[in-house]
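The structure appears right after this line, and notes come after that.
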Ligand code: AMP
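Numbering (the numbering used here), first residue to last: 680 to 987.
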């Protein structure tokens, strides 16, 4: 059970129709690590932060079992900054600003102590950086999962195409799947994307759940119907952390097990949106995780008597 997580660690500023946050800690790898650490430790983190990133946040992650040897701290520079505004549906959003700062010229170095890792989660950041991490590993992981976003499709498509050819699973949301494939139907989009490299594809649809595609198979997972969504930021990354964390713990990469991983990812994401930033993830305990996964099982469990 060993997992490498690559991705941004950042400051975010978030606007929703109901309020605006201060600059808060976020970043893809931050959310992934909080989520995955419920299933597997150590989570071996690869990222970069500036001198402005709070030491207390790094300490909290380390206390949770996150290995920070692969996190570079650039003392005299600023951390990655992202701001976004959610629409009324709390699902779609516009990026207001992306300041790459330390991420702009990030040159990841995978520590020697990470080399025996069996699972690799390539969280959102420049595809060239994701590729560099793949190339540095001396042993091919049992499973490599990739997350990306429209920003990279628009600014680094050739690199993204290269990294897509080297991964097993791609996680993206519905609008990104449409953008990547130039297809509106998600079934057609999945067919096109599965030709680009990954053997498995998860399309996340926010409050409408997630779809898992593999060859001619498709599995549908619901999202937990929630009364209030405070902040959807990081839900996708938290999903990714639960998904890969569960697979790394079970060491089972079959389609059947991936179905369970999609449910676990959905359960973890349902916590993330309950509070701003990583707050909910930081206070979460194992009993709550188990009980929410049980809620999901009840949500999709039914008997039916077929007529005739
Ligand atoms: P999610 O809501 O799961 O899609 O991810 C939100 C997180 O992604 C935020 O915490 C941001 O810091 C991070 N993020 C936004 N844009 C980028 C980008 N271009 N590269 C890397 N991370 C990003």
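Ideal Cβ positions, reconstructed from N, Cα and C, are used throughout, including at glycine.
Quick check: the Cα distance between residue i and residue j, rounded to an integer number of angstroms?
i, j, result
"residue 682", "residue 985", "44 Å"
"residue 829", "residue 791", "32 Å"
"residue 741", "residue 726", "14 Å"
"residue 945", "residue 852", "13 Å"
"residue 786", "residue 968", "35 Å"
"residue 836", "residue 810", "13 Å"
"residue 939", "residue 755", "44 Å"
"residue 710", "residue 957", "7 Å"
"residue 767", "residue 706", "23 Å"
"residue 799", "residue 913", "19 Å"
"residue 878", "residue 817", "22 Å"
"residue 898", "residue 904", "19 Å"
"residue 974", "residue 982", "17 Å"
"residue 739", "residue 699", "25 Å"
"residue 784", "residue 976", "44 Å"
"residue 804", "residue 970", "32 Å"
"residue 701", "residue 802", "24 Å"
"residue 777", "residue 692", "10 Å"
"residue 896", "residue 771", "27 Å"
"residue 966", "residue 715", "15 Å"
"residue 793", "residue 782", "21 Å"
Is residue j closer than 7 Å to residue i when the C-beta atoms are compared?
i, j, result
"residue 960", "residue 713", "yes"
"residue 920", "residue 943", "no"
"residue 763", "residue 775", "yes"
"residue 856", "residue 941", "no"
"residue 917", "residue 947", "yes"
"residue 932", "residue 821", "yes"
"residue 744", "residue 721", "yes"
"residue 881", "residue 850", "yes"
"residue 924", "residue 789", "no"
"residue 823", "residue 847", "yes"
"residue 872", "residue 860", "yes"
"residue 866", "residue 911", "no"
"residue 845", "residue 813", "yes"
"residue 760", "residue 690", "yes"
"residue 915", "residue 883", "yes"
"residue 909", "residue 954", "yes"
Might you give, ordered along the chain, the residues of its own chain that have their beta carbon closer than 7 Å to the beta carbon of residue i, omitting 5 neighbours on each side?
i, result
"residue 887", "902"
"residue 724", "684, 708, 712, 745, 746, 747, 749, 750"
"residue 979", "901"
"residue 773", "763, 764"
"residue 704", "690, 733, 736, 956, 957"
"residue 769", "695, 908, 911"
"residue 934", "893, 896"
"residue 858", "829, 832"
"residue 862", "868, 871"
For the beta strand (DSSP E) that residue i lies in, which residues bound it at each end?
i, result
"residue 748", "745-753"
"residue 1069", "Examination of residue 1069 is not possible in this model, given that the chain is present from 680 through 987 alone."
"residue 685", "682-685"
"residue 962", "No beta strand (DSSP E) contains residue 962, which is instead part of the alpha helix (DSSP H) from 958-962."
"residue 694", "689-695"
What first and last residue would you give for the alpha helix (DSSP H) that runs through residue i?
i, result
"residue 967", "965-979"
"residue 709", "707-715"
"residue 955", "Neither: residue 955 is in no alpha helix (DSSP H) and is coded neither H nor E."
Which residues in the same chain have their Cβ closer than 6 Å to the Cβ of residue i, if we skip the five residues on either side of it in sequence?
i, result
"residue 831", "806, 839"
"residue 728", "688, 752, 758"
"residue 963", "950"
"residue 869", "880, 892"
"residue 815", "789"
Can residue i be considered in contact with ligand 3, in the sense that its beta carbon sits closer than 6 Å to one or more heavy atoms?
i, result
"residue 827", "Of the ligands this structure carries, namely ligand 1, none is ligand 3."
Between residue i and the rest of its own chain, which residues show a CB-CB distance below 8 Å, the 5 nearest in sequence each way excluded?
i, result
"residue 972", "942, 943, 946"
"residue 795", "681, 818"
"residue 825", "801, 809, 842, 843, 846, 848, 849, 850, 877"
Establish whether the CB of residue i and some CB of chain B are separated by less than 7 Å.
i, result
"residue 931", "Absent from the structure is chain B; it holds one protein chain and no more."
In the stretch 830-863, which residue ranges form an unbroken alpha helix (DSSP H) of at least 4 residues, counting only runs that do not cross its ends? 836-843, 853-860
At 3 residues or longer, and completely inside the stretch 721-790: list those beta strand (DSSP E) runs for me, N to C. 722-729, 745-753, 759-765, 772-778
Quick one: which unbroken alpha helix (DSSP H) runs of 4-plus residues sit fully inside the stretch 797-830? Chain order, please. 806-815
Every unbroken beta strand (DSSP E) within the stretch 865-922, with a cutoff of 3 residues, ordered by chain: 879-883, 889-893, 896-900
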